[in-house]
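Reading through the structure tokens given below for one structure.
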Amino acid sequence: MELWEIFALLGGGLAAGTVNAVAGGGSLITFPLLVGLGLPGVAANVSNALSVAPGYAASAVASRPDLTGQGRRIWSIVPTIVVGTLCGSSLLLFTPRSVFDVVVPFLLLLAAAMMAFQDRLKALAGRRAGGGSTPYVQVAVFLSGLYGGYFNAAMGLLLIAALALVLEEPLRRISALKNVFSAVVGVTTVLTYSVFGPVNWAVVAVLAPATIVGGVIGARIARRLPSEVLRWTIVVFALVVAVILFVV
């Protein structure tokens with residue numbers, strides 16, 4: 001690995017960890033970066049998943065003030081997201097790479113649309129599910145875990161979009177929940193991909209520490225930014241990357 005590649009990974013990891021903690025979608029930085037450095041799609045995805053997992057954990061710890069009173073909700077949801085993540089990881093490891101390359105841009109568009117039309121989707125649903133163990137929340141989390149296990153990049157973005165649809169909570173508290181569940185997805189994928197996936201460990205060794213630093217910084221920023229600024233920044237970013245993936 002050349003020196004400029006190391007600096008690129010450090011910068012990308014710092015930025016991704018920060019964005020992941022704020023609202024999710026930081027892997028939209030590191031995944032294209034790894035592809036640009038020459039890693040095949042699936043290898044880039046699994047290496048990215050392992051690299052950003054420590055940053056998710058750091059963000060979850062730094063988000064503790066916004067997790068107050070949500071302990072029961074978290075513990076009721078963790079088993080569901082673990083099962084969803086295992087299902088998604090299995091899909092990635094046992095389906096052709098060509099399927100992965102075709103599906104990814106559409107998943108990004110879905111996440112962007114969920115954020116952009118969040119209020120309309122809530123109105124169509126006719127209600128918000130405020131409890132932590134309601135079917136609405138469990139289904140949303142399972143699908144987010146399925147997505148996260150299959151394609152880690154932008155998993156946090158989809159997770160926060162799904163949670164915002166079914167929970168009556170301020171966005172900063174939903175972002176804190178997203179950090180916890182992202183950490184759970186991260187641990188699950190680490191255990192799965194480290195055994196079965198084509199991991200580039202040199203990339204992980206450089207990228208992971210940078211995401212930890214970024215995760216701590218981003219969690220602090222998230223508590224200060226207006227919700228609408230977060231939401232539309234994510235939407236625009238997801239659309240841009242989806243278009244790029246469609247073109248390439």
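Going by full-length UniProt numbering, the first residue of the sequence shown is number 1, and it counts up by one from there. No residue lacks a Cβ here, since even glycine has one placed at the ideal position from N, Cα and C.
One question on the structure: do residue i and residue j come within less than 7 Å of each other, judged by their Cβ atoms?
i, j, result
"Tyr56", "Ser144", "no"
"Leu146", "Gly88", "yes"
"Pro54", "Ile212", "yes"
"Thr80", "Phe142", "yes"
"Ser59", "Asn179", "yes"
"Leu39", "Val206", "no"
"Leu37", "Gly214", "no"
"Gly186", "Thr85", "no"
"Ile221", "Val22", "yes"
"Ala176", "Asp66", "yes"
"Val78", "Val190", "no"
"Val195", "Ser47", "no"
"Ala116", "Val235", "yes"
"Val166", "Tyr136", "yes"
"residue 301", "Thr30", "Lying before the first or after the last residue shown, residue 301 is absent from the chain, which here runs from 1 to 248."
"Val216", "Ala62", "yes"
"Tyr193", "Ala44", "no"
"Thr233", "Val82", "no"
"Ala208", "Leu108", "no"
Look up residue i in the DSSP assignment and say whether it is helix, strand or coil.
i, result
"Arg224", "coil"
"Asn20", "helix"
"Val199", "coil"
"Gly38", "coil"
"Thr68", "coil"
"Glu168", "coil"
"Ser98", "helix"
"Thr134", "coil"
"Leu26", "Note that residue 26 corresponds to Gly in the displayed sequence, not to Leu. DSSP places Gly26 in coil when its eight states are reduced to three."
"Phe151", "coil"
"Phe7", "helix"
What do you get for residue i, buried or exposed, if any count of 16 or more other CB atoms within 10 angstroms of its CB means buried?
i, result
"Arg73", "buried"
"Ser27", "buried"
"Ser98", "exposed"
"Ala202", "exposed"
"Arg172", "buried"
"Gly69", "exposed"
"Val19", "buried"
"Gly156", "buried"
"Gly218", "buried"
"Thr95", "exposed"
"Pro114", "The residue asked about is misnamed: residue 114 is Met in this sequence, not Pro. Met114 comes out buried."
Is there at least one non-hydrogen atom of the ligand FAD closer than 6 Å to the beta-carbon of residue i?
i, result
"Thr80", "The ligand content of the structure shown is nil, which means the ligand FAD is not present either."
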